[in-house]
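Chemist: Here the protein sequences line up with chains Z and U, keeping their order.
282 is the number that numbering that gives the first Met the number 0 gives to position 283 of the first sequence; each next residue is one higher, with no gaps.
205 is the number that numbering that gives the first Met the number 0 gives to position 206 of the second sequence; each next residue is one higher, with no gaps.
For each residue, glycine too, the CB sits at the ideal point set by N, CA and C.
My questions will all concern the structure given below.
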Amino acid sequence: MNMLVSGTALLLAGAGLFAYDLYSFRARTVRDLGIQAQIIGSNSISALVFDDSRSAETTLSALQAAPHVMSAKIYTADGVAFAEYRRDPRQAAPPPLAIPNGQTEVYRFQSGQVALVRLITFHGKPVATVYMRSDLGAMQDREHTFAVIIAAVLLMSLLAAMWMSSSARRSIAEPIVKLAETAQIVLREKNYSIRAPAHSGGNELAVLTSSFNEMLAQIQERDAALEEARHHLERQVQERTAQLNAANADLESFSYSVSHDLRAPLRHIGAFSQMLSEDYGTKMEPEAQQHLNRILAGVKNMSRLIDDLLKMAQIGRKEMVRVNIDLNLLLQDVLVDLQPESGGRQIDWRIGNLSSVDCDPGLVKQVFTNLLSNAVKYTRRREIAVIEIGQVEQEGTSVIFIRDNGAGFDERYAAKLFGVFQRLHRAEDFEGTGVGLSTVQRIVRKHGGEIWAKGEVGKGATFFFALAAKGQGLAHAIKAAAGAS
Amino acid sequence: MRLRCRTDVSQCIARDRSTGRHFLLLLISVAATWGVVGVPSAQGQHAKPAEFEVKATYLYNFSRFVEWPAQVAQAQGDSFAICVLGEDPFGAALKATVAQETVAGKSVVTKQVPTAQDAVSCRVLFISSSEDKRLKEILTSLGTATVLTVSDLPKFTQRGGMVQFVLEGNKVRFEVNSAVAQRAGLTLSSELLKVAVNVRRSVPSGD
């Protein structure tokens, strides 16, 4: 493309020069011919005046010295031929051109010749016309030479341009193209082990190429370092998880065995205390009976605690199933189960629509049971207990809430709510083992979800839980829900 | 310069009306003289100008190729006189030739002079062949006056004349004596000498 452009430019320039030269050469030829005609004419005036054609012919014969003049003829003012010169006597001259009125000279280029007719005056009056013909050999030679020179120059220029262009391409364009290509490949394949071919030359291109390669090397290093760190972390996580799992397993089996093992003696205590009370109750002192009742109560309490602990431990041991459950139905079951406690109370149940969820039905029933029985328990002091159950969507996650207008709790101790054996209320006010909520938390977490609560002392409490973590939005959803309620 | 025309008038390049009129006059005088004199130079072709006409033209044209000294040019009023001494062979031809012409800004006039003394105010003097016997006296009277002497008398240039008409075949030619002219203070142009059939360069001594 470049070649075409420069070639065209050169050609145009050459053509322009050529045309101008041709034009000016023609003009010069005509001028010279005119001058010759004038000289001839002036020198022939006396010959014309005195009718001496021989003298005129002598004058004309000087044209022998002009190699391109083919013929010259002098005509009198009447148009009569007076004297003539012919380089080649065999060739007759064509008739002369007529000079229009008012002009001194007229010329015409035709068929390789230039013909010129000039009017000669003597003391202001026309006395003769000189008709000269010259061949254009000189001009043609010149044209020819010029054309050859232009062609040669053009050719050499093009060759030079080609050579320079290819050399430039080699030293500049190619390395850059290569570099660009390499960059493209690296980007496309994300393969940072590729290197651009090194460029010799010690110029900016070499620097560019080596810098490029170094950058790739650095990227590779970082990738490697990153990978290693990741592996390291993975390993650590694995270790910790293993440790945690081990610890958990230990804890669970410990809890289980403890509970299990604790049960037996407790049963004994309970059974025999019962027998004592039944068989010898009437024979005992009232104080003694009281002591015995106290023992029995304590046994019952402990039994429940152990049961709850066992249940909690079991959660960890059992395999979780995932079934699609309509939570509304589940809820109804739970409410039915709670009848013994809730019956006989003024409870305003506000139940919203719950969705179906993939979960372990047994475990989730436990969640509802615990939370609802808490709600029922802690609203005992209210004339009308309001318990609200519903579901909200928080950032793609379904969050179920259970709200009551019961005793509530101090939010400052919210963290303790879900701790094992942690209670925020006195046993005299509200009985309980302190295990229920931690069980619920375990279950919910086992489903990959999360549970949190909000409350105010004397006003009530709301428990929120989500069963499934949708992507990583769960923590955010929890926070949002916590903030919204 | 006077243009020569043939009887075919269309070949003439007429410059202005008056010139045209004079051509007509010339034509008539040619026709007239033709019948009377017979044209010696006619060769059975188209009618050529008569000898005296050619001589008249030449007589006038000599003045174009001769230089008079500066003081003469300034003096002698504002007319350039071409005079004829003796029998006038030109008739109206000379008058026609010089009509409307000027030489160096002076209008050209023709005069008939009776004596040589009267001729000193002329620039060009044509000595008719009728004065053959008295030539010597005439030339002596003229002395070195700045007058161009022209004649068709035989041996005119040898006898002290400046320009002599000669006939070459049927062409009117002339020979000059540049020495005589020079003595009189006249410069004959090389152009003139170029077309002269003979150029003498010696002043006749004595007789």
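I'd like the ranges of any beta strand (DSSP E) spanning at least 3 consecutive residues and lying wholly in the stretch 41-97 of chain Z.
Modeler: 68-75 and 80-85
Chemist: Taking the CB atoms as reference points, tell me whether K193(U) and S54(Z) lie closer together than 8 Å.
Modeler: yes
Chemist: Given this structure, state the Cα-to-Cα distance separating L215(Z) from A195(Z), to the nearest angstrom.
Modeler: 10 Å
Chemist: If distances are taken between C-alpha atoms only, which option among Q313(Z), P285(Z) and F271(Z) comes closest to L295(Z)?
Modeler: F271(Z)
Chemist: Hey, is S60(Z)'s beta-carbon within less than 8 Å of any beta-carbon in chain U?
Modeler: no
Chemist: For the stretch 55-71 of chain U, enumerate the residues whose C-beta is nearer than 7 Å to any C-beta of chain Z, in chain order.
Modeler: Residues passing the 7 Å Cβ filter: Y57, N60, R63 and F64.
Chemist: Closest by CA to L9(Z), which one among I149(Z), L291(Z) and V385(Z)?
Modeler: I149(Z)
Chemist: Using the rule of at least 16 other Cβ atoms within 10 Å of the residue's Cβ for burial, across every protein chain shown, is Y493(Z) buried or exposed?
Modeler: Since the first residue shown for chain Z is 0 and the last is 484, residue 493(Z) is missing from the structure and cannot be characterised.
Chemist: Taking only runs that begin and end inside the stretch 16-40 of chain Z, name each unbroken beta strand (DSSP E) of 3 or more residues, in chain order.
Modeler: none
Chemist: If L47(Z) sits next to V116(Z), beta carbons under 8 Å apart, how far is it from one beta carbon to the other, in whole angstroms?
Modeler: So it is not a contact: roughly 16 Å between Cβ atoms.
Chemist: Which of the three DSSP states, helix, strand or coil, is assigned to K415(Z)?
Modeler: helix
Chemist: With contact counted as at least three CB pairs below 8 Å, one residue from each stretch, are the stretch 321-332 of chain Z and the stretch 347-358 of chain Z in contact?
Modeler: yes
Chemist: Should H122(Z) be flagged as near chain U, meaning a C-beta pair shorter than 8 Å?
Modeler: yes
Chemist: For the stretch 175-203 of chain U, list every residue whose C-beta sits within 7 Å of some C-beta in chain Z, in sequence order.
Modeler: If the cut-off is 7 Å between Cβ atoms, the stretch 175-203 of chain U has E190, L191, K193 and V194 near chain Z.
Chemist: Give the straight-line distance between the Cα atoms of K364(Z) and I350(Z), rounded to the nearest whole angstrom.
Modeler: 16 Å
Chemist: Looking at C-alpha atoms only, which residue of G160(U), A91(U), S127(U) and A80(U) is the closest neighbour of Q181(U)?
Modeler: G160(U)
Chemist: Give, in chain order, every unbroken run of the alpha helix (DSSP H) that is at least 4 residues long and sits entirely within the stretch 135-195 of chain U.
Modeler: The stretch 135-195 of chain U contains these whole alpha helix (DSSP H) runs: 177-182 and 189-194.
Chemist: In three-state terms, what does DSSP make of N369(Z)?
Modeler: helix
Chemist: Do you know how far the Cα of L16(Z) is from the Cα of R168(Z)?
Modeler: 32 Å
Chemist: Check the Cβ-Cβ distances between K132(U) and every residue of chain Z, and say whether any is below 8 Å.
Modeler: It does not: the Cβ of K132(U) has no partner Cβ on chain Z nearer than 8 Å.
Chemist: With a CB to CB cut of under 6 Å and the five nearest residues on each side skipped, what residues in its chain are close to I73(Z)?
Modeler: Within the same chain, I73(Z) has close Cβ partners S43, A55, F81, A82, A127 and V129.
Chemist: For M274(Z), is the classification buried or exposed, using 16 other Cβ atoms within 10 angstroms of its Cβ as the cut-off for buried?
Modeler: exposed
Chemist: Please list the residues of the stretch 99-118 of chain U that have a C-beta atom closer than 7 Å to any C-beta atom in chain Z, keeping them in chain order.
Modeler: none
Chemist: At what residues does the alpha helix (DSSP H) containing Y106(Z) begin and finish?
Modeler: Unbroken run through Y106(Z) is the beta strand (DSSP E), E104 to Q109; no alpha helix (DSSP H).
Chemist: Entirely within the stretch 147-178 of chain Z and at least 4 residues each: give me those alpha helix (DSSP H) ranges in chain order.
Modeler: none
Chemist: Taking all protein chains shown into account, do 16 or more other C-beta atoms lie within 10 angstroms of the C-beta of V102(U), making it buried, or fewer, making it exposed?
Modeler: buried
Chemist: What's the C-alpha gap between S192(Z) and E233(Z)?
Modeler: 25 Å
Chemist: For Y57(U), which of helix, strand or coil comes out of DSSP?
Modeler: helix
Chemist: A46(Z) CB to nearest chain U CB: under 8 Å?
Modeler: yes
Chemist: Select from the stretch 116-144 of chain Z all residues with a C-beta closer than 8 Å to any C-beta belonging to chain U, and list them in chain order.
Modeler: F121, H122, K124, P125 and V126
Chemist: So which residues of chain Z does K170(U) contact, with C-beta pairs closer than 8 Å?
Modeler: Within chain Z, the residues placing a beta-carbon under 8 Å from that of K170(U) are D50, ordered along the chain.
Chemist: Following the continuous alpha helix (DSSP H) through L423(Z), name the residue where it begins and the one where it ends.
Modeler: Note, L423(Z): premise wrong, no alpha helix (DSSP H); not H, not E.
Chemist: Count the other CB atoms, across all protein chains shown, that sit within 10 Å of the CB of D487(Z); report buried if there are 16 or more and exposed otherwise.
Modeler: Since the first and last residues shown for chain Z are 0 and 484, residue 487(Z) lies out of range.
Chemist: How about L185(U) and E100(U): do their beta carbons lie closer than 8 Å?
Modeler: no
Chemist: Check the Cβ of S54(Z) against every Cβ in chain U and list those closer than 7 Å, keeping chain order.
Modeler: K193 and V194
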